[in-house]
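Numbering (the working numbering), first residue to last: 320 to 1218.
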RNA sequence: GGGCGCGUAGCUCAGUGGGAGAGCGCUCGCUUCACACGCGAGAGGUCGCAGGUUCGAAACCCGCCGCGCCCACCA
């Protein structure tokens, strides 16, 4: 088991072995293999909780390939992991794959050209079609389908792992988990059964958000708005005669006492005074209309409220009611309630106890309905049937076009439909708008826990802090419990069965649950205790719950899964509650929220101490990186072209929570930095003169003092999860170090014979500073840093201790004085300034930098001129200056006379 | 409609009370013995607009404009 090495700061354990021409080529392969061989990132299970830094890694969805955004945010996590490891923490950093769920199913369907049909029998010899056809997919059994899902995800996961290794994520690959794996299923089902026993999970027949393509329920959190063109239709409803005198309340008797929809006089298409008009974007739902609503204080419709109206075409009596949610300024102020057009309809339906008249089937087509039967009364049953026959079997869009034609014919469409752009709710992975259908689903209670969940959000440390508001917005906006069941196949099954009574009815209210030690179970193949397999689906027998859990219902348990809750409580106790949850900000409402919920319910605890939110990668045109672009810029491509360190450098410049433009230029800059580190390390370490025990030169001492402040700044930045700031400050100081300090001390470094003491001092300073820079850069550029470290140190740099400012300062204190306080730092400042002026003069004269300078006159204050003396020898050498004349003056100036 | 974030050089961004900055790009120059995947120098900005606080504002406050994201009962 690797443990952290003793501090090797400036104490080479081997003679530096520096290559003639250092190169970045092949470092990824060389070191990722080396790290694996040495177990550098292996988690030490014996570490006590307080020494552990545990990370709840986002398991990427396995549905094809990783994209640039993944590389971006996973690099951020790795930066923190590597920093914490060097700080002496035992880092718990596993990787997981979210391979259960719809995206995987869709990919398998398209990849193999198959469809899952649970009614098909298992075929043990099944092989996928040689030429997959998306148009005519082969129907296969659920077990066959699951096998294909497992096979394809396994392939994808190998590719994912290879990418992460190339990127240099310091993951312990021996702890990889998958959300479809047996352990995850067992933990997920165990948690579900616990919630069921405690009444936190329940089943309900209710209007549910429904994706008509996937034909499954979806959750509120998985919706997104998309702008779609639509049209506003003004439609006339019919009056019921004798309203207000009580006769309207005996509605339901078809035929008598009512007028037809059309006004008795004038042109059928012209609205008359007193017409009942509504506006709708969804006229195809008129047959599902169950009421008209007006605002309670809307005087335009107050006469009508309490009475009834007749739907156009179908001549169904619907009550006219009032409700405060109606907005008088929208449309005509009168709104049609359908079962169900949108979530507001559900609200009205529930609060006003309206009946259900559902016309939409689960496939998104208008289904067969029994006109004339109870609930489907009409004053003109034949007409209703005839009109509906025109719509039956059509999709929503087709039905909409047809019913508009019918309304035109009947004269009940007023004017032309007005085009409008409206926001429509989509399942985020779906292609057509969600509909609302009534079905039986499983829910986890969320609304009842609103206040507790807000409190949990308050306990959590957010980086950046303003992300907390998004969480609170979401929790405050919760309108219903979390629907967790999906009518799909590749997921964690609900571990319950139901008894079937003698009449063949399924007893949904009395689920049969398995014994805990039997988990995970698949009720579609496993048999409940006390029943025989033949009794499946038989009267007096049993039925398995056919649904699987939403993928979030399992991935919300990643802290429990990765920590092996209930499986290995010793491990769990060493890592939970976890230290950090890194993730992107767009899944606060899903993953972050649901993880807090589950941890709260399961463990009465916050799942982690810190949430670190990363941003998105944007196109150069500021849009979220698109799929098409992502396909061109595959991550492996980028890594091959620029090198892993360079790509990491780009990612590390994206500040926490901030969206970042994709910028290949930045990767080139990162590569330059890596090359610079190679060459600067070579200069500092190759054929270095023997190092002294003391830093005798003022410039060397000044450098080390400045280095201490860089270390402090980088450390403080990392402690507040601001890796970007740590990088920027380190990088800035490093370039300065190369451009000024290294140039200034070059003479002393090479002329060890002429100035042995100076050479010994610079040798020591170079070792110290290079050691510090290599380690400061190690989280960002792990490959090149490991390479340069390997030239002169033993063991991995990634297990070396993070640089310590106090130790650097102790180095100065131990080595005697070199002038008045502050003078040494000033010496470095002034020497660099004068060197800059000399360079400028040479540049303007278009002369080489090594061109000799006959005389430099420095006009400055006595203090600065005196400080300059401390570094005079180095300055003269660096500038090829023959003579320097200090002149006391209040104004700073430098005159340069080239030879 | 509500909330959050952002607006600084051509581009990407740092800077949160006292000199307007970095990198890239651009221009000019330099084979300098760690590095031409290099080195040096230079040009380039009414810090979104308008008020206010202050001796002093890119920064703090108010309003407005623009961009992005999240949320909303979007008929």
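Using N, Cα and C, we set each Cβ at its ideal position, and we do this for glycine too.
What do you reckon, are the CB atoms on residue 751 and residue 531 nearer than 8 angstroms?
-> Against the first chain, residue 751 aligns to sequence position 432. Against the first chain, residue 531 aligns to sequence position 212. Contact: yes.
Residues near residue 385 by beta carbon distance below 7 angstroms, same chain, minus five either side | On the first chain, residue 385 is found 66 positions in, with the first residue counted as 1. Excluding positions up to five away in sequence, the list reads 379, 479, 482, 954.
Cutoff 6 angstroms; reference residue 673; Cβ partners in own chain excluding five residues on either side | The residue you call residue 673 lines up with position 354 of the first chain. Excluding residues within five positions, the ones whose Cβ falls inside 6 angstroms are 609, 610.
CB-CB under 6 angstroms to residue 588, same chain, minus the five flanking residues each way: which ones, in chain order?
-> Here residue 588 refers to the residue found at position 269 of the first chain. Confidence at residue 588 is low in this model, with a pLDDT of 47, below 50, so its placement is unreliable and no value can be given for it.
Proximal residues to residue 615 (C-beta, below 7 angstroms), its chain only, five neighbours per side dropped | Numbered from 1 along the first chain, position 296 holds the residue referred to as residue 615. Cβ neighbours of residue 615 beyond the five flanking positions: 641, 643.
Classify residue 338 as helix, strand or coil using the three-state DSSP reduction.
-> Taking the first residue of the first chain as 1, we reach residue 338 at position 19. Three-state result, residue 338: coil.
Any idea if residue 1035 is buried or exposed, counting beta-carbon neighbours within 10 angstroms, 16 or more meaning buried?
-> Your numbering for residue 1035 matches position 716 in the first chain. Flag for residue 1035 reads exposed.
Roughly how far, in whole angstroms, is the beta-carbon of residue 831 from the beta-carbon of residue 815, given that I think they are within contact range, below 8 angstroms?
-> To locate residue 831, count along the first chain from 1; it is residue 512. To locate residue 815, count along the first chain from 1; it is residue 496. Sure, about 6 angstroms apart at Cβ, within 8 angstroms.
Round the Cβ separation of residue 1122 and residue 1041 to the nearest angstrom and send it over; I've been treating them as touching at under 8 angstroms.
-> What you label residue 1122 is simply residue 803 of the first chain in a count that begins at 1. What you label residue 1041 is simply residue 722 of the first chain in a count that begins at 1. Their Cβ separation, rounded to whole angstroms, is 17 angstroms, which puts residue 1122 and residue 1041 out of contact at 8 angstroms.
With residue 343 and residue 962 assumed to form a contact (beta carbons below 8 angstroms), what rounded beta-carbon distance in angstroms separates them?
-> Within the first chain, residue 343 is the residue found at index 24, counting from 1. Within the first chain, residue 962 is the residue found at index 643, counting from 1. A Cβ-Cβ separation of about 5 angstroms places residue 343 in contact with residue 962 under the 8 angstroms criterion.
May I ask you to list the residues that DSSP assigns as paired with residue 738?
-> In the first chain, counting from the first residue as 1, residue 738 sits at position 419. Paired residues: 550.
Own chain residues within Cβ distance below 7 angstroms of residue 779, not counting five before or after = What you label residue 779 is simply residue 460 of the first chain in a count that begins at 1. Within its own chain, the residues whose Cβ lies closer than 7 angstroms to the Cβ of residue 779, once the five positions on either side in sequence are excluded, are 925, 930, listed in chain order.
Span of the alpha helix (DSSP H), counted from its first residue to its last, around residue 504 = Locating residue 504 in the first chain gives position 185, where the first residue counts as 1. Per DSSP, residue 504 belongs to the alpha helix (DSSP H) from 501-516.
Residue 464 versus residue 454 - alpha carbon distance = Here residue 464 corresponds to residue number 145 of the first chain, with the count starting at 1. Here residue 454 corresponds to residue number 135 of the first chain, with the count starting at 1. One C-alpha to the other measures close to 17 angstroms.
If residue 866 sits next to residue 761, beta carbons under 8 angstroms apart, how far is it from one beta carbon to the other, in whole angstroms?
-> Sequence index remark: in the first chain, residue 866 carries index 547 (1-based). Sequence index remark: in the first chain, residue 761 carries index 442 (1-based). Contact between residue 866 and residue 761 holds, with the beta-carbon distance rounding to 7 angstroms and staying under 8 angstroms.
For residue 1077, three-class secondary structure by DSSP | Position 758 of the first chain, counting from 1, holds the residue named residue 1077. Of the three classes helix, strand and coil, the one that applies to residue 1077 here is helix, per DSSP.
DSSP puts residue 802 in a beta bridge; with which residues?
-> For the purposes of this step, residue 802 is taken as residue 483 along the first chain, with counting starting at 1. Note: residue 802 sits in a beta bridge opposite 762.
Look up residue 408 in the DSSP assignment and say whether it is helix, strand or coil.
-> Here residue 408 refers to the residue found at position 89 when the first chain is read from its first residue. Residue 408: coil per DSSP, three-state reduction.
Going by the CB atoms, is the gap between residue 418 and residue 472 shorter than 8 angstroms?
-> As a first step, residue 472 is located in the first chain; it is residue number 153 there, counting from the start. As a first step, residue 418 is located in the first chain; it is residue number 99 there, counting from the start. Cβ distance < 8 angstroms, so residue 472 and residue 418 count as in contact.
In the DSSP assignment, find the unbroken beta strand (DSSP E) run with residue 523 in it and report its ends.
-> Against the first chain, residue 523 aligns to sequence position 204. Element bounds for residue 523: 520-530.
Is residue 792 closer than 8 angstroms to residue 538 when the C-beta atoms are compared?
-> Looking up residue 538 in the first chain gives position 219. Looking up residue 792 in the first chain gives position 473. Judged by beta-carbon spacing, residue 792 lies beyond the 8 angstroms limit of residue 538, meaning their Cβ atoms are not closer than that value.
Look at the Cβ atom of residue 511, then the Cβ atom of residue 525, and state whether they are nearer than 8 angstroms.
-> The sequence position of residue 511 within the first chain is 192, counting from 1. The sequence position of residue 525 within the first chain is 206, counting from 1. Not a contact, by the Cβ cut-off of 8 angstroms.
Whole beta strand (DSSP E) elements within the region 832-876, 3-residue minimum = DSSP runs (the beta strand (DSSP E)) wholly in the region 832-876: 861-863.
What's the C-alpha gap between residue 992 and residue 715?
-> Here residue 992 refers to the residue found at position 673 of the first chain. Here residue 715 refers to the residue found at position 396 of the first chain. For residue 992 and residue 715, the distance between alpha carbons rounds to 58 angstroms.
For residue 915, is the classification buried or exposed, using 16 other Cβ atoms within 10 angstroms of its Cβ as the cut-off for buried?
-> Along the first chain, read from residue 1 onward, the residue named residue 915 stands at position 596. Counting the other Cβ atoms within 10 Å of the Cβ of residue 915 gives 16 or more, which makes it buried.
Could you pull out every residue in the same chain whose Cβ sits closer than 6 angstroms to the Cβ of residue 986, ignoring the five residues on either side in sequence?
-> Start at 1 with the first residue of the first chain, and residue 986 comes out as number 667. So the qualifying residues of the chain are 961, 965, 966, 969.
Drop a sphere of 10 angstroms on the beta-carbon of residue 820, count the other beta-carbons inside from all chains shown, and report buried for 16 or more, exposed for fewer.
-> On the first chain, residue 820 is found 501 positions in, with the first residue counted as 1. Exposed, by the Cβ-count rule.
Proximity to residue 710 [Cα-Cα], best of 722, 699, 701 | As a position in the first chain, residue 710 is number 391, starting the count at 1. Residue 722 holds the alpha-carbon nearest to the alpha-carbon of residue 710 among 722, 699, 701.
If residue 863 and residue 839 are in contact, beta carbons under 8 angstroms, what's the gap, nearest whole angstrom?
-> The residue labelled residue 863 in the question sits at position 544 within the first chain. The residue labelled residue 839 in the question sits at position 520 within the first chain. Separation of the CB atoms of residue 863 and residue 839 is rounded to 13 angstroms, and the pair is thereby denied contact status at 8 angstroms.
Skipping 5 residues on each side, what residues in its chain have a beta carbon closer than 7 angstroms to that of residue 1050?
-> Taking the first chain and counting its residues from 1, one reaches residue 1050 at position 731. Here residue 1050 has 992 as same chain residues with Cβ atoms under 7 angstroms from its own Cβ, once five neighbours each way along the sequence are excluded.
Quick one: which unbroken alpha helix (DSSP H) runs of 4-plus residues sit fully inside the region 1110-1190? Chain order, please.
-> Listed in chain order, the complete alpha helix (DSSP H) runs (minimum 4 residues) inside the region 1110-1190 are 1124-1133, 1142-1163, 1181-1189.
Looking only at its own chain, which residues have a Cβ that is under 6 angstroms from the Cβ of residue 1100, when we skip the five neighbours before and after it?
-> By 1-based counting over the first chain, the position of residue 1100 is 781. 964, 993, listed in sequence order.
Is residue 556 helix, strand or coil when you go by DSSP?
-> Indexing the first chain from 1 puts residue 556 at position 237. In the displayed model, residue 556 falls within a strand according to three-state DSSP.
What are the uninterrupted segments assigned as beta strand (DSSP E) that are 3 or more residues long and contained completely in the region 600-672, given in chain order?
-> For the region 600-672, whole beta strand (DSSP E) runs of length 3 or above, ordered along the chain, are 608-613, 627-629, 636-641, 653-657.
Exposed or buried, what is residue 844 when buried is set at 16 or more other beta-carbons lying within 10 Å of its beta-carbon?
-> As a first step, residue 844 must be located in the first chain, where it is residue number 525. Exposed, since its Cβ has fewer than 16 Cβ neighbours within 10 Å.
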